[in-house]
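J.: Could you have a look at this structure, given as structure tokens, before my questions?
Next up, the structure:
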């Protein structure tokens with residue numbers, strides 16, 4: 046293993062893929078994650094479609110174990126996607142080929158993808174319960190001293206910020222600020238048994254996703270691999286518009302979709318009140334770049350934060366053409 050000391054901040058798909066790619070090339074690294082354990086937020090996050098030329102290529106680069114597990118747990122049928130207007134009338138539908146040998150956009154639950162990458166990582170390479178606070182340059186070197194909220198400190202040769210939209214590593218290399226898009230909303234969901242009790246609703250959701258779009262509003266539902274249905278509601282408004290009280294939040298969301306198809310409103314009405322999470326959308330400037338600074342870089346949402354509508358965020362986060370995935374360090 047390389048003696049270069051590398052710290053990866055953030056245990057999302059991007060940071061975890063990087064950790065595994067480095068290990069495959071005999072380069073040791075330590076990933077620091079603020080969550081106390083994997084299960085801390087396993088209930089959050091929907092499904093991801095990994096593209097052949099990016100996300101899937103990165104999973105292959107992360108090693109045979111990662112790729113084999115991805116193939117095992119990804120769902121080709123999850124490519125099924127429908128777009129409707131607020132009346133519920135289908136405007137477009139994409140169905141994956143039933144005899145597809147190599148699906149182009151298989152779906153996989155974000156939590157399942159993370160678990161695959163965590164299980165494949167070298168033992169002891171992930172430090173849970175480490176919330177990154179700051180990094181200070183070490184005098185007369187290109188090294189950095191990292192400080193964490195639990196009091197832990199360490200000196201590294203390279204720090205990689207994979208710590209998301211509101212990255213604490215980004216300011217070390219860039220003055221760019223995230224901008225609110227004007228779209229606010231929430232992530233909501235209901236359990237598999239609720240889904241099973243509403244077959245008429247599930248006929249609209251199908252095996253993949255259904256998106257209703259009109260009047261500057263979006264209501265998108267996804268079938269997760271465990272049978273849970275996760276819905277994202279986005280609409281124009283103040284970024285802190287969603288009430289903190291769950292019942293009030295549900296009522297507020299429903300009010301945004303007044304007059305929409307009954308089955309669309311049902312996605313909100315059936316939501317688990319203990320699982321309503323604000324999801325305002327932010328972006329970084331298009332073409333965001335920064336001057337080189339020795340010993341520090343960023344990736345994923347910390348680098349190129351975008352809205353989720355193109356389905357590219359996770360793919361970009363875990364894939365670096367002609368970069369770390371192909372020729373690390």
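In the numbering used here, the protein residues as written are 46 to 374. Glycine residues also receive a C-beta, built at the ideal position from the N, C-alpha and C atoms.
On the three-state DSSP scale, how would you describe residue 94?
T.: Numbered from 1 along the chain shown, position 49 holds the residue referred to as residue 94. Residue 94 falls in the strand class under three-state DSSP.
J.: Are residue 50 and residue 217 close, meaning C-beta to C-beta below 8 Å?
T.: Sequence index remark: in the chain shown, residue 50 carries index 5 (1-based). Sequence index remark: in the chain shown, residue 217 carries index 172 (1-based). No, they are not a contact pair.
J.: Residue 61 by DSSP, collapsed to three states: which one?
T.: For this step, residue 61 is matched to residue 16 along the chain shown. In the structure shown, residue 61 sits in a helix (DSSP, three-state: H, G or I).
J.: Quick check: what's the CA-CA separation for residue 331 versus residue 224?
T.: Translated into positions along the chain shown, residue 331 becomes position 286. Translated into positions along the chain shown, residue 224 becomes position 179. Each residue's alpha carbon lies about 11 Å from the other.
J.: Please report the Cβ distance between residue 1 and residue 55, rounded to the nearest whole angstrom; I am assuming they are in contact, meaning their Cβ atoms lie under 8 Å.
T.: An answer regarding residue 1 cannot be provided, because it is not within the stretch 46 to 374 covered by the chain.
J.: For residue 204, which residues in the same chain have their Cβ closer than 7 Å to its Cβ, ignoring the five residues on either side in sequence?
T.: Sequence index remark: in the chain shown, residue 204 carries index 159 (1-based). 52, 54, 180, 189, 191, 214, 340 and 341, listed in sequence order.
J.: Going straight from the alpha carbon of residue 386 to that of residue 75, what length do you get?
T.: Only positions 46 to 374 of the chain appear in the structure, and residue 386 is not among them; the question remains open.
J.: Between which two residues does the alpha helix (DSSP H) harbouring residue 307 extend?
T.: Residue numbering aside, residue 307 sits at position 262 when the chain shown is read from its first letter. 307-314 is the extent of the alpha helix (DSSP H) around residue 307.
J.: Note the first and the last residue of the continuous alpha helix (DSSP H) segment covering residue 181.
T.: Start at 1 with the first residue of the chain shown, and residue 181 comes out as number 136. Element bounds for residue 181: not the alpha helix (DSSP H) but the beta strand (DSSP E), 177-182.
J.: Could you tell me whether the Cβ atoms of residue 270 and residue 157 are closer together than 8 Å?
T.: Position 225 of the chain shown, counting from 1, holds the residue named residue 270. Position 112 of the chain shown, counting from 1, holds the residue named residue 157. Cβ distance < 8 Å, so residue 270 and residue 157 count as in contact.
J.: Can you tell which of 166, 88, 127 and 101 has the C-alpha that lies nearest to the C-alpha of residue 71?
T.: On the chain shown, position 26 is the one that residue 71 refers to. Checked all of 166, 88, 127 and 101; the closest Cα to residue 71 is 166.
J.: Whole angstroms are fine: how far does the CA of residue 198 sit from the CA of residue 61?
T.: Sequence index remark: in the chain shown, residue 61 carries index 16 (1-based). Sequence index remark: in the chain shown, residue 198 carries index 153 (1-based). Straight-line Cα distance between these residues: approximately 21 Å.
J.: For the candidate residues 120, 69 and 136, whose alpha-carbon lies nearest to that of residue 105?
T.: Taking the chain shown and counting its residues from 1, one reaches residue 105 at position 60. Closest option to residue 105, Cα to Cα, is 69.
J.: Answer yes or no: do residue 320 and residue 263 have a C-beta to C-beta separation smaller than 8 Å?
T.: By 1-based counting over the chain shown, the position of residue 320 is 275. By 1-based counting over the chain shown, the position of residue 263 is 218. For residue 320 and residue 263, no; Cβs fall outside 8 Å.
J.: What does a CB cutoff of less than 7 Å around residue 163 pick up in its chain, not counting 5 residues either side in sequence?
T.: Here residue 163 is taken as the residue at index 118 of the chain shown, counted from 1. For residue 163, where only same-chain residues beyond five positions count, the Cβ hits under 7 Å are 61, 83 and 171.
J.: Round the Cβ separation of residue 129 and residue 278 to the nearest angstrom and send it over; I've been treating them as touching at under 8 Å.
T.: Walking along the chain shown from the start, residue 129 turns up at place 84. Walking along the chain shown from the start, residue 278 turns up at place 233. Between residue 278 and residue 129 the Cβ distance is about 15 Å, and since that is not below 8 Å, they are no contact.
J.: Taking just the CA atoms, how far does residue 268 sit from residue 146?
T.: Position 101 of the chain shown, counted from the start, is the residue given in the question as residue 146. Position 223 of the chain shown, counted from the start, is the residue given in the question as residue 268. In this prediction, residue 146 has a pLDDT of 45, which is less than 50 and means its spatial position is unreliable; what the coordinates show is noted afterwards. Going from the Cα of residue 146 to the Cα of residue 268 covers about 22 Å.
J.: Exposed or buried, what is residue 57 when buried is set at 16 or more other beta-carbons lying within 10 Å of its beta-carbon?
T.: By one-based count along the chain shown, residue 57 stands at place 12. Buried, by the Cβ-count rule.
J.: Look at residue 151 and residue 119 and say whether their C-beta atoms are less than 8 Å apart.
T.: Position 106 of the chain shown holds residue 151. Position 74 of the chain shown holds residue 119. Yes, they are a contact pair.
J.: Identify the residues that DSSP records as bridge partners of residue 127: which are they?
T.: Here the question's residue 127 lines up with position 82 in the chain shown. According to DSSP, which records beta bridges pairwise, residue 127 is partnered with 138 and 255.
J.: Can you name, in chain order, every residue of its own chain whose Cβ lies under 8 Å from the Cβ of residue 308, other than the five neighbours on each side?
T.: To locate residue 308, count along the chain shown from 1; it is residue 263. Correct list, in chain order: 133, 245, 246 and 249.
J.: Could you tell me the boundaries of the beta strand (DSSP E) in which residue 8 lies?
T.: No answer is possible for residue 8: the residues shown for the chain start at 46 and end at 374.
J.: Using C-beta distances below 8 Å, list every residue in its chain close to residue 286, excluding the 5 sequence neighbours before and after it, in chain order.
T.: In the chain shown, counting from the first residue as 1, residue 286 sits at position 241. Closer than 8 Å at the Cβ level, and outside the excluded window around residue 286, lie 229 and 297.
J.: By DSSP, does residue 234 sit in helix, in strand, or in coil?
T.: By one-based count along the chain shown, residue 234 stands at place 189. Residue state, collapsed to three classes: strand.
J.: Where does residue 166 fall in DSSP's three states?
T.: Numbered from its first residue, the chain shown carries residue 166 at position 121. Residue state, collapsed to three classes: coil.
J.: Quick check: residue 115 and residue 161, are their CB atoms within less than 8 Å of each other?
T.: Here residue 115 is taken as the residue at index 70 of the chain shown, counted from 1. Here residue 161 is taken as the residue at index 116 of the chain shown, counted from 1. Their beta carbons are under 8 Å apart, which means residue 115 touches residue 161 by this criterion.
J.: Specify the secondary structure class of residue 261 as computed by DSSP and reduced to three states.
T.: The residue labelled residue 261 in the question sits at position 216 within the chain shown. DSSP places residue 261 in the coil class of the three-state scheme, outside both helix and strand.
J.: Cβ of residue 236 within 8 Å of Cβ of residue 275?
T.: Start at 1 with the first residue of the chain shown, and residue 236 comes out as number 191. Start at 1 with the first residue of the chain shown, and residue 275 comes out as number 230. With a cutoff of 8 Å on beta-carbon distance, residue 236 and residue 275 are scored as not near each other.
J.: By the 10 Å Cβ neighbour count, where 16 or more other Cβ atoms means buried, how is residue 280 classified, buried or exposed?
T.: The residue labelled residue 280 in the question sits at position 235 within the chain shown. When all chains shown are included, residue 280 counts as buried.
J.: Out of curiosity, what's the CA-to-CA distance linking residue 222 and residue 239?
T.: Working through the chain shown from its first residue, we reach residue 222 at position 177. Working through the chain shown from its first residue, we reach residue 239 at position 194. Answer to the nearest angstrom: the Cα atoms are 41 Å apart.
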